[in-house]
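Everything below concerns the one structure shown next.
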Amino acid sequence: MGTQMQEDGQGSTVASQPILSVRAVQKTYKLGRVKVPVLHGVDLNVQQGEWVTILGASGSGKSTLLHLLGGLDRPDKNSKSPASVKYQDRELTRLSKRALDRYRADDVGFVFQFYHLLPELSVLQNVTIGGMIKYGRLGYRTHRKEIVDRASSLLDRFGLSHRLKHRPAELSGGERQRVAIARALINEPSLLLADEPTGNLDVKTGASILDAIIEHRRDAGLTLVMVTHDERIAEKSDRVIRLVDGRVTDA
Amino acid sequence: MLAMAAVMLSVATILITWSVMGGFLKTLIESGKTLVGDVAIVWPNVGFAHYDDLIERLEADEMIDSATPTIETFGLIKLPDDRVELISIKGIDAASYSAVTGFADTMWWKPITEPTSKDHAGADLRLDPENKAFFAEIEENGKSMSRFNTKTGLYEPAGVLGIEVTGLNARQVWGGYIPQSPLRALPDGGTEWIDTFMPRDGTVGLTILALDSQGHPIDPVTRTIPIANEFQSGLYEVDQGTIFVPLHVIQKMLRLHEAQRIERVKDTDNPFAVEVDPVTGELGPKMKEIIGIDPARVTTVFVRGIDGVELAEIHQRVRDIYEEFAQAHEGEVPESYLMQNQIKTWEEMNKTMISAVKKETGLVLFIFGIVSFTTVFLVLAIFWSMATEKTKDIGVLRALGASTPGIAWLWIRYGASIGIVGSVTGTAMGYWVVMNINEIHDWMGEQFGLVIWDPRQYYFVEIPSAVEPDKALIVFVIGILTCVVGAAIPAIHSARMDPVKALRFE
Ligand SMILES: Nc1ncnc2c1ncn2[C@@H]1O[C@H](COP(=O)(O)OP(=O)(O)O)[C@@H](O)[C@H]1O
Ligand SMILES: [Mg+2]
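These protein sequences, in sequence, are chains F and Y. Take any residue in the first sequence, count from 1 to its spot, add 129: that is its number in this note's numbering. Take any residue in the second sequence, count from 1 to its spot, add 23: that is its number in this note's numbering.
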């Protein structure tokens with residue numbers, strides 16, 4: 130553990146303050162009576178503003194880890210070596226349900242491989258819904274203009290300003306993923322969790338999506354944890370880690 | 024959309040069924056009230072005396088509008104085609120009876136200017152301007168219970184017969200009657216047309232068993248009664264088994280009229296006593312002695328309270344008045360404590376009918392319960408499948424930070440809005456259908472020959488077409504609640520769903 134921290138400290142473009150620190154995280158799924166252990170004790174530090182890429186075979190638990198980082202799921206309870214997922218000074222494993230909801234709404238942005246847009250909503254609504262969730266129904270009214278402006282400008286940056294009224298079904302895969310990224314960024318999170326964001330796109334589109342993320346990251350000082358299969362993408366990132374046998378090994 | 028249509032249809036169906044059923048029951052109960060007023064004082068068979076005084080006392084009370092003496096009994100009626108049937112006989116005083124009940128309005132044969140609601144072709148004989156004078160006379164006859172006898176040149180007391188009694192009036196699809204001239208079987212094996220229109224020249228034979236003042240039967244009495252008019256009360260049982268006869272006629276037949284009380288003189292002290300026979304004027308041995316006057320009696324006094332007073336209050340007031348009356352005539356009329364259970368409201372008099380009606384209402388409500396229950400399940404099933412369909416979206420919302428109650432609230436709001444829209448449209452639709460149910464029914468009859476409601480078989484001409492706002496409100500609220508309850512379970516289910524599983528859901 131100690132060595133890893135030292136290595137993190139040597140990272141060139143990275144600030145020294147860890148925004149995420151993960152200790153002894155285990156995760157076991159239960160399929161009926163069968164226990165499926167996925168993570169066997171993951172330790173990981175992510176510095177503020179760092180871009181970490183997670184590589185690993187399919188089924189190695191990358192998505193699982195990302196869900197834990199995003200507070201969508203909780204690690205196994207283990208009294209011998211208690212798991213810890215720390216975001217800044219907050220211990221996620223000890224947060225209440227409501228506090229976890231807040232954490233996801235305020236501090237984290239999620240991007241998924243299959244975009245996961247809401248089919249009934251327009252492009253613009255798909256983005257603003259994040260703001261609606263953050264501020265609640267009443268709060269949204271007072272922040273409406275600000276949120277809509279921000280959503281429009283994000284969509285504009287991603288070249289979607291002419292698509293605001295369209296439904297997701299009318300867009301191409303690349304366009305949909307850009308809408309999803311805009312949605313993840315609407316509440317100005319400091320942590321973006323992307324689960325194979327280019328995995329479903331052709332190489333060229335994938336590259337343009339990546340450029341959009343990178344550009345925004347640079348501007349906003351965003352911390353990025355990205356799961357991918359694409360070694361070329363991994364090369365561009367600050368640091369690459371691998372998930373093997375439910376543990377982190379540095380690349 | 025589907026859920027909304029389901030809610031709308033359920034709400035409309037329940038409202039329509041409830042309104043129409045309720046309407047029938049209400050019509051039925053109200054018809055039951057038509058001929059009995061509010062409260063009746065009943066001393067059956069032998070009747071009670073001094074009713075004039077009782078009526079005077081009743082009518083003097085500010086809570087009581089009017090009261091009328093009546094005799095209720097049973098007898099045999101001989102109809103124009105020689106059939107003999109059991110009949111309920113009511114001896115009434117036409118004028119005061121009409122003041123207490125709706126009697127005058129039940130007269131069927133009278134001139135009318137507007138066709139009845141279903142008589143689109145104007146087939147009703149009563150509409151014909153040529154018949155106007157004739158029907159006007161008959162109506163007057165019915166109201167005064169008399170008929171002019173051309174042979175004697177006198178008005179004779181006449182009866183008013185239930186419209187269904189003779190079977191000579193054929194009920195039509197449009198709800199009215201056309202008089203018939205059927206064949207009568209003769210003893211020699213031949214037949215003969217009965218060319219009779221009851222209110223013009225028809226008569227019936229009435230046979231009743233009189234009772235003496237002790238209640239013992241005396242010889243049966245038969246009288247021929249001309250018919251002045253025929254009535255329709257709206258209750259089939261009444262209309263096919265009742266005749267109204269002037270009170271004094273029935274009093275005489277039953278020997279309940281005012282009479283000299285006579286005692287046969289047998290082994291008295293003076294066997295040689297003599298008297299003058301009032302008929303022959305001759306002197307003869309004394310056979311009988313007049314020992315007093317037997318006052319006239321009636322079996323029933325019907326009472327009508329003034330409008331707007333509770334039935335129970337009128338009931339109590341009548342009891343109180345009877346008590347005073349009984350004290351004033353102690354020993355001559357039934358005592359007040361015996362009479363307490365004999366003073367009945369119209370509801371008590373129609374108890375069997377009303378309790379049957381109430382049972383039906385209960386049954387209907389029970390069926391509604393099941394229907395509503397089914398609707399809850401329907402909405403639940405629809406919402407469940409919607410929630411399943413939206414599993415992934417729920418996962419996404421959770422990933423964006425939406426809370427469990429937030430998502431549950433989303434579904435419940437959705438359910439409530441479906442419930443509100445469905446209930447509003449359903450209630451509106453139900454209202455519209457009930458309001459226009461007769462037109463819709465007529466239209467169906469014209470378009471598809473589908474006549475569910477045939478006045479030849481059912482006794483109501485029209486399908487009741489009033490919606491009670493109370494009922495509409497209840498159905499409306501239940502509609503919304505149903506949706507909320509139906510949405511709540513899927514809402515809680517989907518909100519509780521593990522967001523990670525929801526995201527992985529395919
Ligand atoms: N809800 C679940 N129940 C049981 N097993 C699961 C569940 N979710 C994931 N798994 C299993 O956990 C392992 C890791 O899954 P995942 O994190 O999606 O891997 P990756 O994203 O690296 O492909 C896989 O073998 C998968 O089948
Ligand atoms: Mg995965």
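Glycine included, every Cβ here is placed at the ideal spot set by N, Cα and C.
Coil, strand or helix - residue i by DSSP
i                            : result
phenylalanine 243 of chain F : coil
isoleucine 266 of chain Y    : strand
aspartate 379 of chain F     : strand
tryptophan 180 of chain F    : strand
serine 337 of chain F        : helix
glycine 453 of chain Y       : helix
histidine 143 of chain Y     : coil
threonine 216 of chain Y     : A quick correction: the sequence has tryptophan, not threonine, at residue 216 of chain Y. It is a strand residue.
isoleucine 343 of chain F    : helix
alanine 425 of chain Y       : coil
isoleucine 323 of chain F    : In the sequence on display, residue 323 of chain F carries alanine and not isoleucine. The answer is strand: DSSP assigns alanine 323 of chain F an E or B state.
valine 508 of chain Y        : helix
serine 366 of chain F        : coil
glycine 185 of chain F       : strand
phenylalanine 171 of chain Y : strand
asparagine 459 of chain Y    : coil
phenylalanine 483 of chain Y : coil
glutamate 491 of chain Y     : coil
glycine 316 of chain F       : The sequence given here places asparagine at residue 316 of chain F; glycine does not occur at that position. DSSP places asparagine 316 of chain F in coil when its eight states are reduced to three.
serine 208 of chain F        : coil
isoleucine 161 of chain Y    : helix
serine 251 of chain F        : coil
leucine 184 of chain Y       : strand
threonine 124 of chain Y     : coil
arginine 296 of chain F      : coil
serine 517 of chain Y        : helix
glycine 307 of chain Y       : strand
histidine 196 of chain F     : helix
Within chain F, the residues that residue i reaches when beta carbons sit closer than 7 angstroms
i                      : result
alanine 26 of chain Y  : What alanine 26 of chain Y touches in chain F: nothing, since even the nearest Cβ is about 15 angstroms away.
proline 522 of chain Y : Leu201
Own chain, CB closer than 6 angstroms to residue i, minus 5 neighbours either side, in chain order
i                            : result
phenylalanine 528 of chain Y : Thr414 and Lys415
leucine 526 of chain Y       : Gly418
valine 456 of chain Y        : Ile39
arginine 207 of chain Y      : Asp104, Glu215 and Ile217
isoleucine 515 of chain Y    : Ala431
tyrosine 232 of chain F      : Gly200
phenylalanine 126 of chain Y : Tyr120
alanine 122 of chain Y       : Ser89
tryptophan 180 of chain F    : Leu353, Ser366 and Asp367
glycine 107 of chain Y       : This sequence places valine at residue 107 of chain Y; glycine is not what is there. Excluding positions up to five away in sequence, the list reads Leu99 and Lys101.
glutamate 95 of chain Y      : Lys113, Thr322 and Thr323
Contacting residues, own chain, Cβ-Cβ under 7 angstroms from residue i (five flanking each side not counted)
i                         : result
isoleucine 405 of chain Y : Leu25, Ala26 and Ala29
serine 359 of chain Y     : Tyr345, Glu346 and Ala349
isoleucine 443 of chain Y : Ile503
threonine 222 of chain F  : Arg203, Pro204, Ala212, Ser213 and Val214
glutamine 263 of chain Y  : Gly185, Glu187 and Val188
aspartate 374 of chain F  : His169
Own chain partners of residue i with C-beta closer than 8 angstroms, once the 5 adjacent residues on each side are dropped
i                       : result
leucine 339 of chain F  : Pro326, Thr327, Ile362 and Lys365
valine 447 of chain Y   : Phe499
threonine 36 of chain Y : Val394 and Gly453
Amino acids of chain Y, ordered along the chain, whose beta-carbon sits closer than 7 angstroms to that of residue i
i                      : result
alanine 234 of chain F : Leu423 and Gly424
Where residue i meets chain F, residues with beta-carbon distance less than 8 angstroms
i                     : result
lysine 415 of chain Y : His245
Under 8 angstroms from the C-beta of residue i: neighbouring residues of chain Y
i                            : result
isoleucine 148 of chain F    : Near isoleucine 148 of chain F there are no residues of chain Y at all, since even the closest Cβ is about 18 angstroms away, more than 8 angstroms.
phenylalanine 287 of chain F : Ordered by position in chain Y, no residue passes the 8 angstroms Cβ test against phenylalanine 287 of chain F, which lies about 18 angstroms from the chain.
arginine 227 of chain F      : Ser426
Amino acids of chain F, ordered along the chain, whose beta-carbon sits closer than 9 angstroms to that of residue i
i                      : result
leucine 420 of chain Y : Leu247, Ile258 and Ile262
Interface residues of chain Y facing residue i [CB-CB closer than 9 angstroms]
i                        : result
arginine 231 of chain F  : Gly424 and Ser426
histidine 196 of chain F : Ala422, Pro522, Val523 and Leu526
Within the segment 322-380 of chain Y, ranges of the beta strand (DSSP E) (whole runs, at least 3 residues): 323-328 and 366-368
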